[in-house]
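**Q**
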Amino acid sequence: MPFHIGVSPKQIGKYVLLPGDPGRVEKIAEYIKGCGGKLEKIGRDNWISNREFTTMTMKFNDTRVSIVSTGIGGSSTSIAMEELMQIGAHTMIRVGSTGSIQSYVQTGDVIITSGSVRLDGASKDLAPVEYPAVAHPIVLMALIDAAEKVSKGKDWTYHVGITASCDTFYQGQCRTDSFTGYIPKRLQSTIDEWNRLNVLNYEMETSTVLTLGNVFGARTGAVEGVIVSRLEKEMPEGAVIKDVEERAIEVAVVGLKNLIRWDKTKKIDLSIDNRYVPKNLECGKFLKKYKKKVEKKI
Ligand code: URA
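Be aware that the sequence shown starts at 516, since it is given in the numbering used here, and climbs by one per residue.
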């Protein structure tokens, strides 16, 4: 059993949605249920929860899909992803919220990240900072196709582009309404610089998700709902959060359904040791031990 997430290979799907907030796991499960998904009973209460990691598992037809919260930031996200990979996950999509730093990306819109500026610390333990944090191209296509459908006729739109992922919500994202108002001088004008460099938004997990995806050989992507326009204000607007979260969830779930359908029609073998993982990857002891069992049971 992986040390932190506390779920066994039998209890998770290979397709995983990664919200940050444990409280969002059940909301996503409800949404999947509304799309014809069925809840799988894991744990005593239909979910397994340890620290910030809450897991629920659903079935779309014959494909098992899990929802696992990562907590806030790269450190806990890296733990969730590492342990999910150990028990067989191959496709992971982050679903979260974000602050826009471009005037044309408005509160209520949805962002699909194509690549992320690695301002986090966790991903640097895996690869040097020159290594790109980019979404898997098929996941990106699946999410764009989903967003196109979901946003049709709505009063919001979606954007595809670069995200900046920080370890701090306040200083790293140039917020002055913090406890002391202090932002180190070297960070003070970074919001202007990222804006000038066509970065769309600030958040706290995507660079870890995308870097680890490429390093581990998993397919990863990210969708974020815009809950604040940072060019106008610092704090998110409480009234919009629920609606915006639902939009991001809808795009992620429809995107995941796309992937499952595409994988089936193309009959791609996504098992852990195929071409999505470099052949020379040093698999952990855990994976070697459980690989056969996982393949048989899922
Ligand atoms: N999450 C962040 O990290 N920043 C924001 O502005 C909103 C959500």
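Glycine included, C-beta positions come from ideal geometry on N, C-alpha and C. In this text, all values refer to a predicted model and were calculated from it rather than measured experimentally.
Note down the Cα distance separating residue 721 from residue 689, rounded to an integer number of angstroms.
**A** The residue given as residue 721 occupies position 206 in the sequence shown. The residue given as residue 689 occupies position 174 in the sequence shown. Each residue's Cα considered, the two are about 18 angstroms apart.
**Q** Per DSSP, what are the beta-bridge partners of residue 565 in this structure?
**A** Sequence index remark: in the sequence shown, residue 565 carries index 50 (1-based). 568.
**Q** Go ahead and label residue 718 buried or exposed: buried means 16 or more other beta carbons lie within 10 angstroms of its beta carbon, across all protein chains shown.
**A** Position 203 of the sequence shown, counted from the start, is the residue given in the question as residue 718. Answer is buried; the Cβ neighbour count reaches 16.
**Q** Heavy atom of the ligand URA less than 7 angstroms from the Cβ of residue 717, yes or no?
**A** Within the sequence shown, numbered from 1, the residue matching residue 717 stands at position 202. Residue 717: yes, Cβ under 7 angstroms from the ligand URA.
**Q** By the three-class DSSP mapping on this structure, what secondary structure does residue 716 have?
**A** Sequence index remark: in the sequence shown, residue 716 carries index 201 (1-based). Reduced to three states, the DSSP call for residue 716 is strand.
**Q** By how many angstroms is the C-alpha of residue 618 removed from the C-alpha of residue 590?
**A** Residue numbering aside, residue 590 sits at position 75 when the sequence shown is read from its first letter. Residue numbering aside, residue 618 sits at position 103 when the sequence shown is read from its first letter. Each residue's Cα considered, the two are about 30 angstroms apart.
**Q** Is residue 743 near the ligand URA - that is, is its Cβ less than 7 angstroms away from at least one heavy atom of it?
**A** As a position in the sequence shown, residue 743 is number 228, starting the count at 1. Yes; taking the cut-off as 7 angstroms, the Cβ of residue 743 has a heavy atom of the ligand URA nearer than that.
**Q** Which class does residue 496 belong to by DSSP, given the choice of helix, strand or coil?
**A** As displayed, the chain neither begins before 516 nor continues past 813, which places residue 496 out of reach and without an answer.
**Q** Can you look up residue 575 in the DSSP assignment and give me helix, strand or coil?
**A** One-based indexing of the sequence shown puts residue 575 at position 60. It is a strand residue.
**Q** Unbroken alpha helix (DSSP H) runs of length 4 or more, entirely within the segment 576 to 635: which are they?
**A** 589 to 601
**Q** Evaluate the contact criterion for the segment 593 to 603 versus the segment 526 to 546: three or more CB pairs, one atom per stretch, below 8 angstroms.
**A** yes
**Q** Please tell me whether, using a cut-off of 7 angstroms, the distance from the CB of residue 688 to the nearest non-hydrogen atom of the ligand URA is below it.
**A** Indexing the sequence shown from 1 puts residue 688 at position 173. Yes; taking the cut-off as 7 angstroms, the Cβ of residue 688 has a heavy atom of the ligand URA nearer than that.
**Q** Are the beta-carbon atoms of residue 626 and residue 741 separated by less than 8 angstroms?
**A** Counting from 1 along the sequence shown, the entry for residue 626 is found at position 111. Counting from 1 along the sequence shown, the entry for residue 741 is found at position 226. Cβ distance < 8 angstroms, so residue 626 and residue 741 count as in contact.
**Q** For residue 703, count neighbouring C-beta atoms within 10 Å of its own C-beta (all shown protein chains included) and say buried if the count is 16 or more, exposed if not.
**A** Locating residue 703 in the sequence shown gives position 188, counting from the first residue. Residue 703 should be labelled exposed.
**Q** Name the two residues that bound the continuous beta strand (DSSP E) containing residue 740.
**A** Counting from one through the sequence shown, the residue named residue 740 turns up at place 225. Residues 734 to 744.
**Q** Go ahead and label residue 701 buried or exposed: buried means 16 or more other beta carbons lie within 10 angstroms of its beta carbon, across all protein chains shown.
**A** Residue numbering aside, residue 701 sits at position 186 when the sequence shown is read from its first letter. With a 10 Å radius around the Cβ and a threshold of 16 neighbouring Cβ atoms, residue 701 comes out exposed.
**Q** Provide the residue span of the beta strand (DSSP E) that contains residue 680, from first to last.
**A** The residue given as residue 680 occupies position 165 in the sequence shown. Per DSSP, the continuous beta strand (DSSP E) segment holding residue 680 begins and ends at 673 to 680.
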